[in-house]
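Peer 1: Under our numbering, the first residue of the sequence shown carries the number 310, and numbering increases by one thereafter. Where is the CB? At the ideal position from N, CA and C, for every residue including glycine. Values in this document were obtained by computation on a predicted structure and should not be read as measured data. Quick one: the structure is below, questions incoming.
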Amino acid sequence: MKLQQKILTALLLSGLVPALAMMIIATYQAGDSLKLQAYNQLESLREVKLDAVERYFSALNQQITLEANNPFTAQALKALRQGIADLPPVDETARHQVKQFYTEQFIPKLKANAPDLQISADSLFSQLSPAAISLQASYLANSPYPLGEKQRLDESGDSAYDQAHAAYHPFFRELIETSGYYDLFLIDAQTSQVVYSVYKEVDFATSLNNGPFSASLLSHAYQAGMALAKGQTALIDFSLYLPSYHSPAGFIAAPVYQGASLAGVLVIQFPIDRLTAIMGVRAGLGDSGETYLVGPDKLMRSNSYIDPVNHSVHASFLHPDKGSIDTEAVRRALAGETNIDAISDYKGNAVLSAFAPVQFGAIRWVIVAEIDQAEALAAISQLNISGFFCHSGYAGTDHSCRPPDQPQHYQTDRRRA
C-alpha cells in the first residue's frame, strides 16, 4: 500500500473503532434501560392490583362491622329466632314438598355443576330439623320464584316468622344487591341455626350444630364469629361449598351483640367475580400479560386470562391436578418474598414475574403479575443501530432485527394452544 493509503486506512480505523465501541456500549445501556423499564412497569402493575384487592377487603370488613353493630341487625336476629320458636309442628305435606324440591331441583343443578360429586337428596333431607323443613317448604319449595330468585319473596304466610321476615328482609336484600355480595346470613348463638339468609339456598334454616352442613365452610365462619369480640371480623378462605352447588365460596363473619350478650353471628358470602374483575383489568399488560391471585393451597383466587379453562377459580378447585399453580413465583411469595424475576410460568413459558404475598390476618395469598419475556423485552431486540448488528438475512426495511415477514405485534396464539 502506498503511504497515502496507509495513512487514510489508519485514520479510518482510528475513527471507526471508537465509534463501534460507543455503539456497543450504547446498545447495552439502552437494553438495560428498556429492561429496567419493563421490570418497573410490571412491578407497578402488581402494586396497583395489590392495593385494589386490599381496599376491597378493607371495605368488606368495614361494612360487615357496621352492619353487625347496627341495632337493627340485633333486633332482626331476636325477632327471627322467636319466630322460629313459635312455628307450628311440621306436617307431612311440607316434608313431601321439601324432599321433592331436593330431588327435582337442587340435586339436578348440583350434579350439573359438579357431576363427579356423590350425594343424594335423602342424605341431606334426613338431617333437616322440623323447623328447617317448615321454613324451607315456605321459602324454597313453595316459593313462586325459581332457583336463583328465591330472594324476591318477602312473606310466605302469617306466622310470627313470616311477619319478621317481611319486616327485615327488604333491608338486607337491598344491602346485598347494592353491595354485590353473594349472600348474607344471620345465625343464632343459642341454637346455632341459620335463622335468615337473603338468597335462600339449602343452608337456610339449617342447624350448624347437627344439620347437613354442620361441617361446612359456613359452620367454620359461624364458629369463628362466635369467638370474636365486638368490632372484630374473621375471614374464611375459599373452599368448595355444597349449598352453592359445590362452587368455591369465601366468607367473612362478625359477632352480633345485644347489649353485653352475644346474640349471634352475621356472615357475608363474598363473590369470586369481584376479585376477578379487579385482577382482570388489562391496562399495561399487552397481549400476553395477566395478573392473578393464588391461595396457600396453590389454587386460584381469581380467574386466569391466559388459561380460563383450567385456571379459573371454579376449575382449579374442582380439578386441582390441572388448575393448581406451583411455580417458583408462588412458592417464593408464599414464603413471604416480594420480588420480580425472570422465571417459567404455569404453562412453562419464559416470563417476567412480579410477585408478592397478600396477608389477611392469618391467611396468606399470593398476587402475581406476569408477561412473556419475548413481549416485555421485544423493544431491546429492535434497537436500531443503523442495522449494523442485524444479520443481512434478517434485516427488515425498517432496520429492525427480525425477519422481514414477521409482524411487530406480538402473537399469543402459542400460549393459548
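To test your reading of the DSSP string, which unbroken beta strand (DSSP E) runs of 3 or more residues are found completely within the region 536 to 565?
Peer 2: Listed in chain order, they are 543 to 550.
Peer 1: Quick one: what does DSSP say residue 597 is sitting in, helix, strand or coil?
Peer 2: The answer is coil: DSSP assigns residue 597 none of H, G, I, E or B.
Peer 1: In angstroms, rounded to a whole number, what distance separates the CA positions of residue 705 and residue 659?
Peer 2: With a pLDDT of 43 at residue 705, under the threshold of 50, the modelled position of this residue cannot be trusted; read the value that follows with caution. Each residue's Cα considered, the two are about 26 Å apart.
Peer 1: Measure the C-alpha to C-alpha separation of residue 676 and residue 446 and round it to an integer number of angstroms.
Peer 2: Rounded to the nearest angstrom, the two C-alpha atoms are 44 Å apart.
Peer 1: So what does DSSP say about residue 397, is it helix, strand or coil?
Peer 2: Residue 397: coil per DSSP, three-state reduction.
Peer 1: Return the chain-ordered list of same chain residues with a C-beta closer than 8 Å to the C-beta of residue 653, the five sequence neighbours on each side being excluded.
Peer 2: Here the set comprises 636, 637, 659 and 660.
Peer 1: Since residue 573 is in the beta strand (DSSP E), which residue starts that stretch and which ends it?
Peer 2: From DSSP, the beta strand (DSSP E) with residue 573 extends over 570 to 579.
Peer 1: Can you check which of these residues, 410, 503 and 560, is closest to residue 491 by C-alpha distance?
Peer 2: Considering only alpha carbons, the answer is 560.
Peer 1: Out of curiosity, what's the CA-to-CA distance linking residue 701 and residue 685?
Peer 2: Caution applies to residue 701, whose pLDDT of 41 falls short of 50 and renders its modelled position unreliable; the value that the coordinates give is listed next. Residue 701 and residue 685: Cα-Cα distance of roughly 25 Å.
Peer 1: Can you find the residues in the same chain that come closer than 7 Å, C-beta to C-beta, to residue 583, ignoring five residues on each side of it along the sequence?
Peer 2: Excluding positions up to five away in sequence, the list reads 365 and 489.
Peer 1: Is it buried or exposed, residue 612, if we count other Cβ atoms within 10 angstroms and call 16 or more buried?
Peer 2: Buried, since its Cβ has 16 or more Cβ neighbours within 10 Å.
Peer 1: Per DSSP, residue 666 forms a beta bridge with which residues?
Peer 2: Bridge partners of residue 666: 675.
Peer 1: Would residue 511 pass as a contact of residue 433 if the rule is Cβ separation under 8 Å?
Peer 2: Going by C-beta atoms, residue 511 is nearer than 8 Å to residue 433.
Peer 1: For residue 615, name the three-state secondary structure that DSSP assigns.
Peer 2: Three-state DSSP puts residue 615 in coil, outside helix and strand.
Peer 1: Should the region 581 to 595 be regarded as contacting the region 561 to 570, the criterion being three or more beta carbon pairs within less than 8 Å?
Peer 2: Touching, no.
Peer 1: Are the Cβ atoms of residue 414 and residue 456 separated by less than 8 Å?
Peer 2: Against a cut-off of 8 Å, the Cβ pair of residue 456 and residue 414 comes out as a contact.
Peer 1: Excluding the 5 residues preceding and the 5 following residue 406 in the sequence, name in chain order all residues of the same chain whose CB lies nearer than 8 Å to its CB.
Peer 2: These residues qualify, in order along the chain: 446, 450 and 451.
Peer 1: Excluding the 5 residues flanking residue 347 on each side, which residues of the same chain have their C-beta closer than 7 Å to its C-beta?
Peer 2: Result list for residue 347: 661, 685 and 686, in chain order.
Peer 1: I'd like to know if the region 390 to 399 and the region 468 to 475 are in contact, where contact means that at least 3 CB-CB pairs between them fall below 8 Å.
Peer 2: These segments touch.
Peer 1: Give the C-beta separation of residue 557 and residue 513 to the nearest angstrom, bearing in mind that I take them to be a contact with Cβ-Cβ under 8 Å.
Peer 2: Not a contact, Cβ separation roughly 20 Å.
Peer 1: Is the number of C-beta pairs between the region 422 to 433 and the region 368 to 379 that are closer than 8 Å three or more?
Peer 2: The region 422 to 433, when compared against the region 368 to 379, does not touch it at the 8 Å Cβ threshold.
Peer 1: I need the straight-line Cα distance from residue 495 to residue 683, nearest angstrom please.
Peer 2: Looking at the two C-alpha atoms, the distance is approximately 52 Å.
Peer 1: On a Cα-Cα basis, can you pick out the residue from 632, 630 and 663 that is closest to residue 646?
Peer 2: Of 632, 630 and 663, the residue nearest in Cα terms is 663.
Peer 1: How far does the beta strand (DSSP E) with residue 651 in it reach, from first residue to last?
Peer 2: Where residue 651 is concerned, the enclosing beta strand (DSSP E) stretches over 648 to 653.
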